[in-house]
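Per our numbering, residue 21 is the first one in the sequence shown, and the count goes up by one each step. Ideal Cβ positions, reconstructed from N, Cα and C, are used throughout, including at glycine. Treat the numbers as computed from the prediction; the structure is a model and nothing was measured. Remarks on the structure that follows.
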Amino acid sequence: MVGFETISQKTLNDIIKKKTNKVKQFSSMIKKVGKHGMGIWGSFIFGFDSDTPDVFEKTYETIEEWGLETAEFNILTPFPKTTLFDNLEREGRILTKDWSKYNLHNVVFQPKQMTPKELKDEVDRIKKKFYSLPKTVQRIIGCANTSKSFSNLLMRFLSNYALRRFAFMEVKGVLK
Numbered sequence: 021m022v023g024f025e026t027i028s029q030k031t032l033n034d035i036i037k038k039k040t041n042k043v044k045q046f047s048s049m050i051k052k053v054g055k056h057g058m059g060i061w062g063s064f065i066f067g068f069d070s071d072t073p074d075v076f077e078k079t080y081e082t083i084e085e086w087g088l089e090t091a092e093f094n095i096l097t098p099f100p101k102t103t104l105f106d107n108l109e110r111e112g113r114i115l116t117k118d119w120s121k122y123n124l125h126n127v128v129f130q131p132k133q134m135t136p137k138e139l140k141d142e143v144d145r146i147k148k149k150f151y152s153l154p155k156t157v158q159r160i161i162g163c164a165n166t167s168k169s170f171s172n173l174l175m176r177f178l179s180n181y182a183l184r185r186f187a188f189m190e191v192k193g194v195l196k
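Below you can see the structure in the form of structure tokens.
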């Protein structure tokens, strides 16, 4: 798993990952790993202060261009006792202190550039779009073309299947 977090270099700089994460290098890194028959499971977070409503579609288009096989899409979660939580609390943007909702799938703070509902709905939409049956089948066929062994292909198939199932369980609210 690779925590890309976002496709925005500005956001990466804001969250102090500028020394390690360079968006312009992500595509070539993914291709290099792919040449060795391995896939990358990318992790993305939505809800940063610099995120605007167009970040969801831009992220989807970018990861399609990169050819990521698997991805997870999470909601920024300000866990208690973190700088993020303290900053949002000081700004009056914490919406609940029901700690059971602090799980990367619920919006527990007021985003700056969208409503909490917009953030949740758009994350769910991007999960459904990325893990739609046609897109999942397309990625699995791509895995068959690049896998170096049957066990590698099986692992890549199972990870796509499991993440697709998990994504739809999240969207349906089975996982809260």
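### Query
Any chance the segment 74-93 sits against the segment 110-117, with 3 or more Cβ pairs inside 8 Å?
No, they do not touch.
### Task
Determine contact between the segment 135-146 and the segment 69-83, defined as no fewer than three beta-carbon pairs at a distance below 8 Å.
Verdict: yes, contact present.
### Query
Relative to the alpha-carbon of Gln45, which residue among Asp106, Thr82, Val191 has its alpha-carbon at the smallest distance?
One-based indexing of the sequence shown puts residue 45 at position 25. Among Asp106, Thr82, Val191, the Cα nearest to that of Gln45 belongs to Thr82.
### Task
Look up Gly59 in the DSSP assignment and give the residues it is bridged to.
As a position in the sequence shown, residue 59 is number 39, starting the count at 1. DSSP, once it has assigned bridges, lists no residue as partnering Gly59.
### Query
Since Thr31 is in the alpha helix (DSSP H), which residue starts that stretch and which ends it?
Here the question's residue 31 lines up with position 11 in the sequence shown. 29-34 is the span of the alpha helix (DSSP H), which, as asked, contains Thr31.
### Task
Decide if Leu32 is buried, meaning its Cβ has at least 16 other Cβ atoms within 10 Å, or exposed.
Indexing the sequence shown from 1 puts residue 32 at position 12. Counting Cβ neighbours within 10 Å, Leu32 comes out buried, since at least 16 surround it.
### Task
Look at the alpha carbon of Leu115 and the alpha carbon of Asn94, and state the distance between them as a whole number of angstroms.
As a position in the sequence shown, residue 115 is number 95, starting the count at 1. As a position in the sequence shown, residue 94 is number 74, starting the count at 1. Between Leu115 and Asn94, the C-alpha separation is close to 18 Å.
### Message
I need the straight-line Cα distance from Lys117 to Phe188, nearest angstrom please.
### Response
Locating residue 117 in the sequence shown gives position 97, counting from the first residue. Locating residue 188 in the sequence shown gives position 168, counting from the first residue. Whole-angstrom Cα-Cα distance: 26 Å.
### Task
Please report the residue range of the beta strand (DSSP E) in which Asn94 lies.
Mapped onto the sequence shown, residue 94 falls at position 74. Taken as a continuous stretch (DSSP letters only), the beta strand (DSSP E) holding Asn94 covers 90-95.
### Query
Val128 by DSSP, collapsed to three states: which one?
Counted from its first residue, the sequence shown places residue 128 at position 108. Three-state DSSP puts Val128 in coil, outside helix and strand.
### Spatially closest choice to Ile146 from Arg159, Thr79, Leu173, Asn180, by CA coordinates
By 1-based counting over the sequence shown, the position of residue 146 is 126. Distances from the alpha-carbon of Ile146 to those of Arg159, Thr79, Leu173, Asn180 put Thr79 closest.
### Message
Assuming Ile27 and Val43 are in contact, meaning their beta carbons sit under 8 Å apart, how far apart are those beta carbons, in whole angstroms?
### Response
Against the sequence shown, residue 27 aligns to sequence position 7. Against the sequence shown, residue 43 aligns to sequence position 23. Right, the Cβ-Cβ distance comes to about 6 Å (below 8 Å), so this counts as a contact.
### Task
Flag this pair as yes or no: are the beta carbons of Leu104 and Phe66 separated by less than 8 Å?
Here residue 104 refers to the residue found at position 84 of the sequence shown. Here residue 66 refers to the residue found at position 46 of the sequence shown. Taking 8 Å as the Cβ cut-off, Leu104 and Phe66 do not qualify as a contacting pair.
### Query
What does Phe188 pair with, by DSSP beta-bridge criteria?
Locating residue 188 in the sequence shown gives position 168, where the first residue counts as 1. DSSP lists no partner for Phe188.
### Query
To which residues of the same chain is Asp69 closer than 6 Å at the C-beta, ignoring the five residues directly before and after it?
If you number the sequence shown from 1, residue 69 lands on position 49. So the list reads Lys132, once near-sequence residues are dropped.
### Query
Would His125 be called buried (16 or more neighbouring beta carbons within 10 Å of its own) or exposed?
The count along the sequence shown starts at 1 and reaches residue 125 at position 105. Residue burial is scored here from C-beta neighbours: His125 has at least 16 other C-beta atoms within 10 angstroms and is therefore classed as buried.
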